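Visitor: Dropping a structure here in structure tokens format, bear with me for questions.
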Amino acid sequence: MKDCTRIEIVIEKALARTMADLLIELNSPGYTMIDHAVGRGDRGERRGDDPTGASTNCVFIVACESREVVDRIVEGVRPLLTQSGGMCLLSEAILVKH
63 MKDCTRIEIV IEKALARTMA DLLIELNSPG YTMIDHAVGR GDRGERRGDD
113 PTGASTNCVF IVACESREVV DRIVEGVRPL LTQSGGMCLL SEAILVKH
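This is how it looks when you write it as structure tokens:
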């Protein structure tokens, strides 16, 4: 087991490919994307029942053991989140390697 920082990024589903490409560009150690996240925030409700997917979010999860990588990812995704909305959450976690 190792200490790590868990990064959770909530963003519009339409921007999922852009976020995935950005995380790769920022040398993320990897990511998990959870599709079809719904909820309510400062930009209104994300219901997820729109057939076009326009009102659906997704969540990216990244586990980072390096503070330098965490800082690079946070600063790298900030412009996209500022432009499109969404959020980035950081929390301390324990990584159990397989």
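Heads up: take any position in the sequence shown, counting from 1, add 62, and you land on our numbering.
We put the CB at the ideal spot given by N, CA and C, even for glycine.
Remember, predicted model here, so these are calculated numbers, not experimental data.
Taking 6 angstroms as the limit between beta carbons, can you name the residues of its chain near Met-63, skipping five residues before and five after?
Guide: Ile-156, Val-158
Visitor: Return helix, strand or coil for Thr-80, following the three-state DSSP convention.
Guide: helix
Visitor: Would you check if the distance between the CB atom of Ile-71 and the CB atom of Phe-122 is smaller than 8 angstroms?
Guide: Cβ atoms of Ile-71 and Phe-122: closer than 8 angstroms.
Visitor: Take Arg-134 and list the residues in its own chain whose beta-carbon comes closer than 8 angstroms to its own, dropping the five residues that flank it on each side.
Guide: Closer than 8 angstroms at Cβ, skipping near neighbours: Leu-88, Asn-89.
Visitor: Would you tell me roughly how many angstroms separate the C-alpha atoms of Ser-117 and Ala-78, rounded to the nearest one?
Guide: 13 angstroms
Visitor: By Cβ distance below 6 angstroms, which residues in the same chain neighbour Lys-94 in space, the five residues on each side in sequence not counted?
Guide: For clarity, residue 94 is Thr in the given sequence; the question names Lys instead. If the five residues before and after Thr-94 are omitted, its C-beta is found closer than 6 angstroms to the C-beta atoms of Ile-123, all from its own chain and listed in chain order.
Visitor: Mind reading off the beta-carbon distance from Leu-152 to Ile-69? Whole number of angstroms is fine, and I expect it under 8 angstroms.
Guide: 6 angstroms
Visitor: Closest by CA to Ser-146, which one among Glu-154, Ala-76, Val-100?
Guide: Ala-76
Visitor: Apart from the five residues just before and just after Met-149, which ones in its own chain have a Cβ nearer than 6 angstroms to its Cβ?
Guide: Around Met-149: Val-72.
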